[in-house]
Each structure stands twice: as structure tokens, then as C-alpha cells.
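In UniProt numbering, the protein residues as written are 1 to 537.
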Amino acid sequence: MFVSSLPCQVCWTSRRSPRRSDSVITTQRRSSLSFSPCLEKSCCRPLRVETPPTRDRVIEELKQKLQSKEKEVENLLSRNSYLSREVQYLTEVIQHLNQRLAEVEADQQAAQEKIRSLLNRRVPAVPPAHTITKPTVEARQLLQVSCLTRELNISNKQLRSTALQALTDMKNQLEHLRETVEKLTRVEQEAAGEMEQLQSLYRKETVKRKALYNKLLEQQGNIRVFCRCRKTTDSSSCLETTDEEEILVRTFLDPSDPPATTGATNICSSCLLQEEVFAGTLPVITSCVDGYNVCILAYGQTGSGKTYTMMGTKENPGVNIRSDLCGFYISMLEIYNETLKDLLAKNNEALLDIRVQGKSVSVPGLSQIQVQSEEDILAIMETGEKNRKITSTKMNTQSSRSHLVVALQVEVSDQVSGLASRGTLTLCDLAGSERISRTEAEGQRLVEAAAINRSLTALGQVFSALKCNALHIPFRNSKLTHLLQPCLSGDAKCCMFVNVSPDIKNMGETLSSLQFGSSVRQVSLGKPAQNLNKALK
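Dropping the structure here:
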């Protein structure tokens with residue numbers, strides 16, 4: 001911005017040359033004009049002239065204005081959209097209100113019509129006429145009413161007396177009935193007590209009869225058969241126990257088919273404890289001290305609980321360990337693949353053989369260890385069990401691959417009578433019968449299974465021959481029957497545990513085991529002899 005002094009119009013015209021024309025002046029550049037300011041200060045005054053802004057600044061200002069206008073346009077557009085939606089919503093509300101108004105007006109009109117019709121039908125109420133009636137009852141009628149009232153009171157008293165008498169009679173009858181009920185209750189309680197006494201006497205008589213029957217069987221030499229069912233976690237079971245001497249096997253093939261029934265001297269359920277099972281064999285076992293030979297066998301399919309019944313565990317020992325509390329001489333051997341092995345010898349690989357001398361059968365070289373307490377028996381049984389052949393199969397993870405024979409020799413001297421008795425308790429845990437199709441045994445397992453099945457078949461043949469009283473008993477068909485010959489030829493009391501599995505998958509083997517036990521039950525070995533000799537002084 002700069003300040004210049006410009007001449008006024010008067011000064012400008014007074015300085016122009018009169019000789020030149022105006023056209024000449026216009027052709028010259030205005031910048032070439034020269035003038036001198038007027039001397040009059042009041043005429044010529046300074047004039048402020050602003051320099052024009054630059055082009056970039058102008059463009060920047062215009063851009064800013066354009067952006068602000070665009071923002072205003074966007075705001076106006078959004079405002080317009082919102083107002084459009086608001087207008088549409090208000091339009092719908094107005095339409096709805098108009099419809100509602102029309103409905104209300106129609107209802108109002110209908111109500112007015114109804115009110116008019118009701119007003120037209122209304123009849124003005126006429127007030128009832130009040131008439132004064134004079135009493136028309138005569139004295140004669142009043143007298144009759146009085147007489148009727150007295151008669152009614154008398155009847156009421158009679159009725160009340162009759163009701164009280166009837167109520168008294170009912171109370172007396174109720175009391176009589178209560179006394180009768182009390183008498184009947186006392187009679188019922190007395191009858192229940194008598195019934196309980198009769199049931200107790202019946203149970204005692206049953207136990208006594210059973211004991212006498214078992215004693216008769218022992219005198220006749222019959223083999224006592226105990227059936228023990230193994231516990232199962234499966235809810236479905238093919239076994240059903242009806243009483244202590246009968247067990248049912250349901251085949252589930254045809255519901256109409258009757259279940260197979262088998263018998264045994266004693267049925268040991270799966271809930272019985274080891275000591276309860278042992279109590280059944282205790283009378284037979286204790287006769288060993290009197291000089292009788294006793295043999296106890298455990299038979300059944302693999303995994304049915306034979307070893308648990310005979311051996312048990314440390315917490316629940318089996319028949320083998322419970323058989324003697326004082327102990328004498330004990331030996332253990334196994335029959336593995338038709339070979340005898342001493343389980344108590346340090347070198348149990350040495351093979352043993354059976355020697356027959358008359359009616360007695362012995363195994364030369366078999367270890368016999370003297371025992372004095374139950375702890376000694378536990379230690380010896382544990383040692384022998386470790387040396388036994390046990391492996392895992394598809395049906396049993398702890399399958400015994402051999403027959404275990406434990407012999408406990410008891411020698412007792414009676415100083416009063418001067419007699420010495422000698423009895424032998426033979427406990428045999430048979431290897432489980434196996435079906436090759438189920439165990440899928442191969443190699444050495446197949447050889448072991450074949451040897452086990454052959455020896456069990458030989459045992460069945462021996463029992464069949466004994467049952468038929470055959471002239472020839474095939475004891476020498478296997479090492480097992482050869483070793484058990486003294487026990488099965490009438491020289492010992494014999495018991496057998498038939499262990500079965502209640503699982504439906506093992507139904508065939510269970511039925512076969514029960515049929516085998518039922519057949520063995522009919523075998524009579526004869527009255528055993530008592531081994532008595534004069535005591536050595």
C-alpha cells in the first residue's frame with residue numbers, strides 16, 4: 001500500500017497544453033503525464049490506494065468457502081433425509097389415528113343407537129299402592145295355632161329323647177366293636193409270633209435235615225458240589241437262583257422256552273464272603289484231622305473265579321489258606337502241558353513223575369515244608385503262586401495256564417488211645433476250560449489251551465465212568481486224573497466248587513459247567529477209610 005498525491009480536476013485541466021488536442025493526450029500513456037501538485041493545500045489532498053491481493057490467497061479463500069458450503073449442503077441433505085423419514089412415520093401415525101377415530105366414531109354411533117332404543121323401551125315405574133289391611137285372624141284360629149304349637153313342642157322333646165337314646169346305643173356298639181378289634185389285633189399278634197416261631201423251627205429243621213443229608217452223602221461217598229457265581233458289573237445276568245439247591249439258566253433264545261434247571265448241594269451267591277464259602281467245606285476239611293483224606297476241586301471256565309475261591313487275596317484268603325490254622329506239611333505242584341513242576345523248589349524246572357504203590361500215589365522229589373502257623377502258610381502259598389504259569393488272554397487278564405495241586409499232610413498222635421492218624425487234604429485249582437474261537441489263542445497259548453482241554457476232558461471221562469460204575473476207570477489218560485486217583489477212587493471225601501459267570505456272553509460255558517457239576521453230584525465214591533495206625537513210642 002502506498003500514498004500518492006493526485007491533482008484535483010482543476011489542477012489537471014489547468015496544466016494541460018491548450019495547443020494539443022484531446023486525441024493526442026489519449027494516445028499517450030497515462031504514466032507519462034506529469035503534473036505538479038496544486039499549491040493550494042485545500043485543493044489537493046493525499047489519496048490512500050490499496051494494492052490488490054495475490055491470486056493464491058484468493059483461491060485459498062474460495063476453496064475454504066466451497067468446503068464450508070459443501071458441509072452445509074451435506075448437513076442439509078441429512079436433515080432433509082431425517083425429515084423425510086419423520087414425515088413418513090407421522091403420515092403412518094396419522095393414518096392409524098384416522099382409522100382408530102373412524103372405529104371410535106362407529107362405536108359411538110352404535111352406542112347412541114342402543115341408548116335410544118333402550119330409552120324408547122323404558123316404561124315409567126308405577127309406585128305400588130299402599131293399602132291398609134285389617135287383621136282377619138279370629139280367636140278360634142289363634143287357639144288352634146296355640147294347640148298345634150304345644151303339640152309340636154311335645155313331639156320335638158320326644159324326638160330329641162329318641163335321638164339321644166339312639167346315640168347312646170351307637171356309642172355302646174362302637175365301644176363293643178373297639179374291644180372286638182383289640183381282641184382281633186392281639187390274636188393276630190399272637191398268630192404272628194407263633195408263625196415266626198414256626199418259621200424259625202422250620203429253618204432249624206431245614207438246616208438239620210440238610211446237615212443230616214450231607215452227612216449221609218459223606219457216608220455214602222457222594223461228591224458234594226458247591227456252585228459259586230462270580231460277581232458281575234453288568235446288569236443283565238443269565239442266572240437266577242430259586243433256592244439253595246437249584247439254579248436257573250435263561251438262554252434268551254426264545255422267551256417261551258423254559259429255563260434250564262441244574263442242581264447242586266449248595267448254591268453260593270456272588271454276595272457271599274470268603275469265610276461264608278469256607279464254612280460250607282469246614283466239616284469235610286476238619287475230618288482230615290481224624291485221618292481221612294479230603295479232596296477239594298475248583299472247576300469252571302476261565303475267568304469264573306476258581307483261583308479266587310481257592311487262593312483268595314491277603315485280605316480275603318481262600319479255602320487253601322483257611323484250611324489249617326496250626327499247619328503240618330505242605331507241598332505245591334502244577335501240571336503244565338502234562339508235566340509236573342514243584343512250585344516250592346528252588347529249581348522248579350526239574351521234572352517230576354508219578355509213582356503208584358498199591359492204592360497210594362506219590363510224587364518222588366516233591367518238596368514238603370513243615371508249617372506251624374497261618375503266616376507260614378501265607379508265605380508258602382505266595383511263593384508257589386509267584387512260580388505258577390499265569391498269562392493274559394482275550395477272556396482273562398490273569399489266566400492260569402496250569403492245574404494247581406496243594407497237598408496238606410496232617411499227622412496226629414493220640415496218647416490216650418495210642419493211635420496215630422494221618423490225613424491228606426488235597427486242594428486242586430483246575431485251569432479254566434477255554435474255547436479257542438473266543439480266546440483266539442495262537443502259538444504257545446494254543447498248545448497250553450489244548451493241554452488244558454485234554455486234561456479236563458479226561459477228568460470228565462473219569463467222572464462218567466465212576467457214575468456208571470464201569471469196570472475200568474481211565475485214570476491214566478492224563479497227569480491230572482492220575483495224580484487225583486487216590487482222591488477219586490473211594491479213598492477220600494471229595495467236594496467240588498463249580499464256578500460260573502452270570503454274563504450272557506458266557507451263557508454256553510456256564511450251562512456246560514452247571515451240567516458237569518450236576519453230573520458229578522450223582523457220583524458215589526463209597527465210604528472212605530480212616531487211616532489209623534499205632535503210634536510209635
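Ideal Cβ placement from N, Cα and C applies to all residues, glycine included.
Counting along the chain, Asp342 sits inside no alpha helix (DSSP H); it lies in the beta strand (DSSP E) bounded by residues 339-342. Contact between the region 516-534 and the region 331-342 is not established, with fewer than three Cβ pairs separated by less than 8 Å. Put simply, the region 424-431 touches the region 403-414. At least three CB pairs are less than 8 Å apart.
Taken through DSSP and simplified to helix, strand or coil, Asn153 comes out as helix.
Taking 9 Å as the cut-off, the beta carbon of Arg388 is found closer than this to the beta carbon of Leu343. With respect to the 9 Å criterion, Ile330 and Val371 are classified as neighbours on the basis of their beta carbons.
In this structure Val104 is exposed. Its beta-carbon is surrounded by fewer than 16 other beta-carbon atoms within 10 angstroms. When the beta-carbon positions are compared, Lys493 and Asn348 stay at least 9 Å from each other.
For Gln357, the enclosing beta strand (DSSP E) stretches over residues 355-357. For Gly508, the closest of Cys468, Ala166, Gln301 by C-alpha to C-alpha distance is Gln301. From the listed residues Leu483, Pro528, Thr286, the smallest Cα separation to Leu366 is found for Leu483.
For His472, the secondary structure class from DSSP, reduced to helix, strand or coil, is coil. When Ser489, Ile380, Ile115, Arg454 are compared, the shortest CA-CA separation from Ala470 is found for Ser489. When only Cα atoms are considered, Leu167 and Ser161 end up about 10 Å apart. Less than 9 Å separates the beta-carbon of Val500 from that of Cys229. Distance from the CA atom of Asn453 to the CA atom of Leu466, rounded to whole angstroms, is 20 Å. Here the C-alpha atom of Ser455 lies approximately 8 Å from the C-alpha atom of Asn477.
Taking the Cα positions, Arg79 is about 25 Å away from Leu62. Counting the other Cβ atoms within 10 Å of the Cβ of Lys527 gives fewer than 16, which makes it exposed.
Between Cys495 and Thr281, the beta carbon gap of about 6 Å places them in contact (Cβ cut-off 8 Å). Judged by DSSP secondary structure, Leu419 falls outside any alpha helix (DSSP H) and instead within the beta strand (DSSP E) spanning 419-429.
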